[in-house]
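First comes the structure, then the notes that go with it.
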Amino acid sequence: MEKNLCTICLNKEYKIFKIKETNFQLKRRLLELGFFCGESVKVIRKSLIGNTILVEIGSYLISLRCSVASMVMVE
Amino acid sequence: MEKYLLVGNPNTGKTTLFNSLTKSNEHVGNWHGVTVSEKEKICKIKNGKEVLIVDLPGLYSLTPLSFEEEVAADYIYENNCKIINICDINNLQRNLYLTLQLMEANKEVILFVNTMKKNEKKEKINKIENILNKLNVSFFIGNASSKSDVIKFTEELNKKFKKIKFNYTEKIKKLYNLELNKTIDENLNSNNAQYAYTRAVEGDKLFLKKYTKINEKIIDKKINYTNLEKIVNLRQEFLKELFSEKNNEIYGKSKIDNILLNKYFCIPIFFIIIFLIFYLTFFSFGAWLSGLVRTFVQDVVGASLVSFLKSFVSVPWIIDLFEVGIIQ
């Protein structure tokens with residue numbers, strides 16, 4: 555099964571291998587912010603309801619909605 | 018008169034720097050989207066020369082995704098003048114993506130790295146200086162809201178700006194769409210055409226439809242987005258090599274967060290804090306304070322007001338109105 559940022563365990567490093575093309579503008583923004591192929595990413599925290607996650611990428615932290623984060627495929 | 022554009026990611030301190038340089042009072046805020054249009058003002062540099070500074074909305078890259086980014090990207094394209102690129106010292110790797118795009122377009126850029134603090138640690142500044150010296154770009158590290166730093170920065174504006182040495186320009190040229198480039202050449206002059214080639218590789222349809230006279234249907238057919246990922250990868254890997262030290266502290270992670278935002282303790286701690294605020298306001302400290310206010314109003318203000326009224330008004334109901342009704 556393919557894993558995306560919403561469904562992986564906390565505090566483990568994964569590598570991005572693809573970004574889905576459901577919304578092209580969001581994909582472009584994610585690429586510019588540093589979510590490119592081969593970059594290592596880690597999920598640090600999830601919200602109580604489960605709608606938002608805090609992600610560590612490159613050298614900074616960013617929080618994303620699950621609808622956006624589910625576009626990022628990791629392995 | 019020379020013009021300088023203030024360009025950078027949202028919330029890095031462009032309008033703050035604009036206020037310090039030009040002594041104006043534009044609206045500044047901690048959230049995204051405070052500056053919405055361009056603002057121009059004249060300022061004086063050290064040797065008395067006058068210079069025009071333009072403040073623009075925040076931009077993540079030269080392909081706009083919202084209306085205010087479109088304003089900034091169009092302004093940068095239409096005015097070929099020097100650029101002051103403002104970066105945040107805590108997010109430098111992300112902010113340099115825009116710098117790379119500007120340098121590829123042959124613009125003259127000087128970096129202003131905003132520390133956002135009065136006294137930044139020397140180790141951090143030294144690390145950043147090493148990285149930027151490797152990149153071969155003119156830069157200045159300082160605080161945008163302190164006047165002394167900004168005056169020192171204006172001295173740097175007189176020097177000639179350096180240009181970055183790229184190692185991936187050849188690979189970008191292989192991604193060009195040669196047929197489209199021929200029609201671009203017919204419509205634009207050589208400087209702007211070079212800029213338009215990279216816009217075409219990145220799939221920026223808006224730009225091509227606005228500024229080149231190519232037919233819209235041809236643009237929609239021939240522009241595809243497969244090359245966008247490749248060109249973004251080239252730039253991001255170039256940046257990753259620069260910032261490859263593993264000892265980088267990640268801004269935003271602190272030890273207090275591990276206690277206050279802990280999975281099991283955060284909600285109980287939240288309720289304890291709310292209860293403490295309630296208790297202090299109504300029972301211990303707050304009760305003492307409200308007692309003081311009550312005695313002040315009753316004894317001092319009330320007594321003096323009543324004696325003042327009694328001195329020239331003898332109707333009892335007016336005195337009672339003030340004494341009993343309003344003050345008590």
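Going down the list, the sequences are from chains Y and S. FYI, in our numbering the residues of the first sequence are 555 to 629. FYI, in our numbering the residues of the second sequence are 18 to 345. Here a beta-carbon is modelled for each residue, glycine too, at the ideal position from N, C-alpha and C.
{"Query": "Collapsed DSSP secondary structure at I181 of chain S in the structure displayed", "Result": "coil"}
{"Query": "CB-CB length for I103 of chain S against L23 of chain S, believed under 8 Å", "Result": "6 Å"}
{"Query": "Chain S within 8 Å of F571 of chain Y, Cβ atoms only", "Result": "no"}
{"Query": "Cβ-based contacts, 7 Å cut-off: residues of the segment 111 to 141 of chain S near chain A", "Result": "Of the chains in the structure shown, none is chain A; the protein chains are Y and S."}
{"Query": "Cross-chain neighbours of V249 of chain S in chain Y, by beta carbon under 8 Å", "Result": "L585, E586 and F590"}
{"Query": "Limits of the alpha helix (DSSP H) - the one that L245 of chain S falls within", "Result": "T243 to L259"}
{"Query": "Simplified DSSP assignment, three categories, for Y568 of chain Y", "Result": "strand"}
{"Query": "Rounded C-alpha distance that separates E567 of chain Y from I59 of chain S", "Result": "50 Å"}
{"Query": "Contact check, S617 of chain Y vs L608 of chain Y, beta carbons under 8 Å", "Result": "yes"}
{"Query": "Check: V68 of chain S C-beta below 7 Å from any heavy atom of the ligand FMN", "Result": "Within the structure as shown, the ligand FMN is missing, as the structure has no ligands at all."}
{"Query": "DSSP three-state assignment for D105 of chain S, whether helix, strand or coil", "Result": "strand"}
{"Query": "Segment limits, alpha helix (DSSP H) that includes L165 of chain S", "Result": "Contrary to the premise, residue 165 of chain S reads as Ser rather than Leu in this sequence. K164 to E173 is the extent of the alpha helix (DSSP H) around S165 of chain S."}
{"Query": "Closer than 8 Å to chain Y by CB, F288 of chain S", "Result": "no"}
{"Query": "Whole-number beta carbon distance between T32 of chain S and E43 of chain S, since they are thought to touch under 8 Å", "Result": "5 Å"}
{"Query": "C-beta atoms of N594 of chain Y and K572 of chain Y nearer than 8 Å", "Result": "The displayed chain sequence assigns Ser, not Asn, to residue 594 of chain Y. Cβ distance not < 8 Å, so S594 of chain Y and K572 of chain Y don't count as in contact."}
{"Query": "C-beta contact flag for T80 of chain S and E219 of chain S at 8 Å", "Result": "yes"}
{"Query": "Segment contact flag, the segment 185 to 202 of chain S with the segment 142 to 157 of chain S, C-beta cutoff 8 Å, min 3 pairs", "Result": "no"}
{"Query": "Beta-ladder partner(s) of D91 of chain S, from DSSP", "Result": "Answer is none; D91 of chain S lacks a bridge partner."}
{"Query": "Nonlocal neighbours in the same chain, by C-beta distance under 6 Å from K56 of chain S, ignoring five residues either side", "Result": "D72"}
{"Query": "Residue environment, P74 of chain S, which counts as buried when at least 16 other CB atoms sit within 10 Å", "Result": "buried"}
{"Query": "Span of the beta strand (DSSP E) around V126 of chain S", "Result": "V126 to N131"}
{"Query": "Residue environment, Y614 of chain Y, which counts as buried when at least 16 other CB atoms sit within 10 Å", "Result": "buried"}
{"Query": "Stretch-stretch touch, CB-based, cutoff 8 Å, three pairs: the segment 84 to 95 of chain S with the segment 169 to 186 of chain S", "Result": "no"}
{"Query": "Coarse secondary structure for V597 of chain Y, derived from DSSP in three states", "Result": "strand"}
{"Query": "Nearest-angstrom Cα separation, counted from N605 of chain Y out to A210 of chain S", "Result": "45 Å"}
{"Query": "Which of helix, strand or coil DSSP assigns to C98 of chain S", "Result": "coil"}
{"Query": "Start-to-end residues for the alpha helix (DSSP H) that takes in K581 of chain Y", "Result": "F578 to L587"}
{"Query": "Whole-angstrom C-beta distance between F157 of chain S and F129 of chain S, which should lie under 8 Å", "Result": "5 Å"}
{"Query": "Length at least 4, wholly inside the segment 32 to 74 of chain S: the alpha helix (DSSP H) runs in chain order", "Result": "none"}
{"Query": "For I294 of chain S and F339 of chain S, the rounded distance between their alpha carbons", "Result": "35 Å"}
{"Query": "Boundaries of the beta strand (DSSP E) in which K20 of chain S is found, first to last residue", "Result": "K20 to G25"}
{"Query": "Residue burial classification, V154 of chain S (beta-carbon count within 10 angstroms, cutoff 16)", "Result": "buried"}
{"Query": "Proximity winner among S:A217, S:Y214, S:D105 and S:K230, relative to N204 of chain S (alpha-carbon distances)", "Result": "S:K230"}
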